[in-house]
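Colleague:
Residue numbers (the UniProt record's numbering): 1 to 1154.
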């Protein structure tokens, strides 16, 4: 009975809604406040309107105004309004629109429009000889019809025979120049011998106030309706016909808001007719499905009356006074939803027929109970979805969004809560996937995950125990390369049996941009309130500079080789010739035979930001300021249009750049030089992003001054005070001396072929590619030159200058110049010569076994893995025997930069190097200079008086010679890898206190010997940075201190040895966590660059850059627990997700590879 009662009440309400609406409409209540002139569309993106972008807008000229102007005036039709814009374009898009034939066609059309009787009644009036006449169209035609004949007789050319003369003369007259700028497109050509444009534009204006009105605001709506009527009747059909057929060889496009809104209203009427047809279709369909005309009739009636009920609430209760185009769509929506509800109810009724009900009422009641629940859920979710779309794009919100976008930093905030009683942590997996998705969409995003994790972890969070949630949260943090920045207790429980704990976490991807601070709890909460400060990182913009690039695939290599063969080499190799002449000759050949392009480089500029983006932003800002001055509805509409268009232009520019880059990646062979060049440009690798520098009290901002400061610092780092320091006598090795070497063209050609073509050019800008393509000619020339240098014991001065690029060390303040390291670029020719000398020098050292067996750096068949294997094996033996091992990592201050040249040459001579080779190396080390290159600017030349040249071929071997005798007088074992020096001592059996004291004494004695050696050879060992590690399985054992320079060394729980973290108990868990986090950060970089890369390239980059990091020295730590190793599997899983199942099948499991 209740069902029938409510059904009857519902029917009465529906009927009353219809009568109420009808009554309000009869009594002239604005119950349907429709207005289809306020179109909520982005008209700026309409294909017709976009043609306006082909033109330059001359805003300084008052005549060029495409927007209606309203003002109070007494003169009839003296205010411009309702502009009609005409755009002409050749049907053949490549043809010139400025021809006599085309101009005649335009003249006929504009004359037809101008003389139209309807236009004559509303045209804008101008005063001509004390009489008011219609102002002519703003058109290029007036330069030929005699309008400007008073300026010059040439402006009367009705047959268009002198187009070039007329337009070139107009270009030089300031009064006519704006008309040209308005009429021609922005890519037009206006030269003395050529006139070309793909588009031409004209403008006609109507005028306000119309006849019978005092001013433009007098009964404004009536005026606008009359104006619309005249324009539609006068121009509508005519322009529509011309748009379809064109005039002559031209297409005609037009834009006028009155004509546009008239077309919109017609479309609305057509849509309503379609709605009526849909109503008929649904009526027939329901009738066919139910077989009941009665059910169908009441169903359609209920659907229609829903519209009246919704409109009464919308208009009267909520007081909305606007019905627009989008409201028409609601008719279709309500038809679909209503019909769906009818079918749900009817199908439920049919399904319930199988049940045995005592009466019809029970059958109907059960049907209503089941169907109403389903209909309620679907209706509720649909209603909520539509309410969500009711949020308005308010100016304050949108401007905040624009401001945030300019800071080049987007922060995603994921907030979660896990109940302490819940063991389900799959939410972290969901967030992990969402982070990867976010990084794909927004590469510059800083990820922040905060919330009450209710996780406990002994090592990570300092908890008493580690629970599954803590392990899961920690693994999530590592796999996403996040850092936990909360380092204080966040929960203070009321229960005295519960200890304070850290439960509220803040995980961030860039901790340098975030900071946290605690506050007292709110109300009765037992959790502290945490304040999180998120900073933004801005780009440091530099001044633009010019750069020249060469296009080597298009080079004329045959002519280049002929040019080299014909060089004046006999004069070059004479005693008086400058050895740098060959460099100048090669440079001249590059200029002559290799195509080049000089272009402007804007440091740190966004590569996708095009001139159209700048124009769109400028246009948006213009309308924003206009809206600020006068916040009318029209100005707001114009601003929203400009803002949406700007957003679209920027989005399209980014998309175009990503698609273009992806096509470049596809066109390159995986692993090729060009492939890596493109990828490095995507991730900004190798760019020197140097901000303003702080030097004392001065702020250094200009690139030139910054380059000078860096050069001065780098030069001072390579300066050694050695005056008065005497050389220590050392025994001479009894070996065959290395006196002289002979360089052949074949050996030069072999070295050139082995050069890495991706090596950067030195100060002479000669690349490896040139040497390799001209190797047959250059090998003979260079061999003669190198032999001449050896004969004269002189290393050419042009090869001893280095270009240095400063790179931030990723530690400390980036405004401090001391936190940057130099990357030196040397001449490629110099490197060829060095390689040849190095070959003979290395062979001399190795064949005579002159190098220490403890040295693993820069030596053939030796690697860091070999050294680490030897060291860790001895450590394992000590711990397995119940004893201990102690290691001291020495720190040499500026090791390569502070090599004493006199001491190095003294040791070189003691190893049997003499004669021409010795003198050439001596020349190689002397009189060297550097200059810093920064943002297209370079510093002055600064001298380098110590150290081995960075980036050179000879430098590493010379350093090995200099440090070679360090282990000679040490009793402890020494592990050397270039300047990485480690003393270590292992006790092989269970040791007593005396053994441990003796071990410490031996290490301390060796440290004294090391310091004494450093004093002899001017090598500074920094005791403050020297690290000590004691590895054992003892519990609560006090380690015996070891002194260096009288100061006890600090005991560490983990020692970084050649990239491998060695702990006191030889547990590799911290190391695996660190490499998993590092690999995750690199995977995140791939996600950030995902739109630029193909799946194949992502897989290749993973195999080349990321997986090797996770497999470095894996033979040492592969026996770790599965919990630790699973972190690495999580990293590979992220790659599997991005490349898809097809390609990921080629990836072997990491455990199998190990």
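Think of the CB as a built atom: it goes at the ideal place given N, C-alpha and C, for glycine as much as any other residue.
Note that the structure is a prediction, hence the values are computed from the model and not measured.
Look at the Cβ atom of residue 139, then the Cβ atom of residue 110, and state whether they are nearer than 8 angstroms.
Modeller: In this structure, residue 139 sits near residue 110, with a CB-CB distance shorter than 8 angstroms.
Colleague: What does the alpha-carbon distance come out to for the pair residue 351 and residue 456?
Modeller: 53 angstroms
Colleague: Going by beta carbon distance, what residues of the same chain come within less than 7 angstroms of residue 208, once the five residues before and after it are set aside?
Modeller: 77, 79, 81, 216, 223
Colleague: Taking Cβ to Cβ, would you say residue 903 is nearer than 8 angstroms to residue 739?
Modeller: no
Colleague: What would DSSP say about residue 848, mapped onto helix, strand or coil?
Modeller: coil
Colleague: If you run the structure through DSSP and keep just helix, strand and coil, what is residue 599?
Modeller: Note: residue 599 maps to strand in three-state DSSP.
Colleague: Going by beta-carbon coordinates alone, are residue 227 and residue 210 separated by less than 8 angstroms?
Modeller: yes
Colleague: Going by C-alpha to C-alpha distance, which of 1112, 1113, 1116, 1107 sits closest to residue 1130?
Modeller: Selected option, being the one with the closest Cα: 1107.
Colleague: Relative to the alpha-carbon of residue 1034, which residue among 1147, 18, 912, 880 has its alpha-carbon at the smallest distance?
Modeller: 880
Colleague: Here's a check: name, in chain order, each residue in its chain whose Cβ is nearer than 8 angstroms to the Cβ of residue 908, leaving out the five neighbours to either side.
Modeller: 918, 921, 958, 961
Colleague: Less than 8 angstroms between the beta carbons of residue 1012 and residue 983, yes or no?
Modeller: no
Colleague: With distances taken Cα to Cα, identify the nearest neighbour of residue 574 among 709, 1127, 300, 791.
Modeller: 791
Colleague: Determine the closest residue to residue 852 out of 924, 15, 975, with distance taken between C-alpha atoms.
Modeller: Residue 852 has its Cα closest to that of 975, out of 924, 15, 975.
Colleague: When you compare the segment 775-783 with the segment 752-759, are there three or more beta-carbon pairs, one atom per stretch, that lie closer than 8 angstroms?
Modeller: yes
Colleague: I'd like the list of long-range same chain contacts for residue 86, defined as Cβ closer than 6 angstroms, with 5 residues on each side in sequence excluded.
Modeller: 202, 254
Colleague: With a Cβ-Cβ cutoff of 8 angstroms, do residue 486 and residue 530 count as a contact?
Modeller: yes
Colleague: Is it the case that the Cβ atoms of residue 586 and residue 550 are separated by a distance below 8 angstroms?
Modeller: Cβ atoms of residue 586 and residue 550: not closer than 8 angstroms.
Colleague: Could you pull out every residue in the same chain whose Cβ sits closer than 7 angstroms to the Cβ of residue 521, ignoring the five residues on either side in sequence?
Modeller: Only 527, 528, 529 meet the Cβ criterion.
Colleague: For residue 127, write down the residues that DSSP places opposite it in a beta bridge.
Modeller: DSSP output for residue 127 lists 132 as bridge partner(s).
Colleague: For residue 811, which three-state DSSP category applies?
Modeller: coil
Colleague: Give the DSSP bridge partners of residue 985, in chain order.
Modeller: 886
Colleague: Look up residue 803 in the DSSP assignment and say whether it is helix, strand or coil.
Modeller: Residue 803 falls in the strand class under three-state DSSP.
Colleague: DSSP three-state call for residue 458: helix, strand or coil?
Modeller: helix
Colleague: Cβ atoms of residue 953 and residue 1082: under 8 angstroms apart, would you say?
Modeller: no
Colleague: Hey, is residue 242 close to the ligand MG, as in C-beta under 7 angstroms from one of its heavy atoms?
Modeller: This structure does not include the ligand MG; it has no bound ligands of any sort.
Colleague: As a quick exercise: from 101, 258, 170, 96, pick the residue whose alpha carbon is nearest that of residue 188.
Modeller: 96
Colleague: For residue 483, write down the residues that DSSP places opposite it in a beta bridge.
Modeller: 508
Colleague: Strictly by DSSP, which residues pair up with residue 184?
Modeller: 200
Colleague: Is it buried or exposed, residue 1037, if we count other Cβ atoms within 10 angstroms and call 16 or more buried?
Modeller: exposed
Colleague: Starting from residue 118, follow the alpha helix (DSSP H) in both directions and report where the run begins and ends.
Modeller: 117-122
Colleague: Buried or exposed: residue 161, going by 16 or more other Cβ atoms within 10 Å of its Cβ?
Modeller: Counting of Cβ neighbours within 10 angstroms places residue 161 among the exposed residues, the total staying below 16.
Colleague: What does the alpha-carbon distance come out to for the pair residue 625 and residue 645?
Modeller: 16 angstroms
Colleague: My output table needs one value for residue 555: the three-state DSSP class, helix, strand or coil.
Modeller: In this structure, residue 555 counts as coil in the three-state DSSP scheme.
Colleague: Residue 799: buried (16+ other C-beta within 10 angstroms of its C-beta) or exposed?
Modeller: buried
Colleague: Give me the Cα-Cα distance between residue 523 and residue 495, rounded to the nearest whole angstrom.
Modeller: 17 angstroms
Colleague: Output the distance between the C-alpha atoms of residue 1101 and residue 823, rounded to the nearest integer angstrom.
Modeller: 24 angstroms
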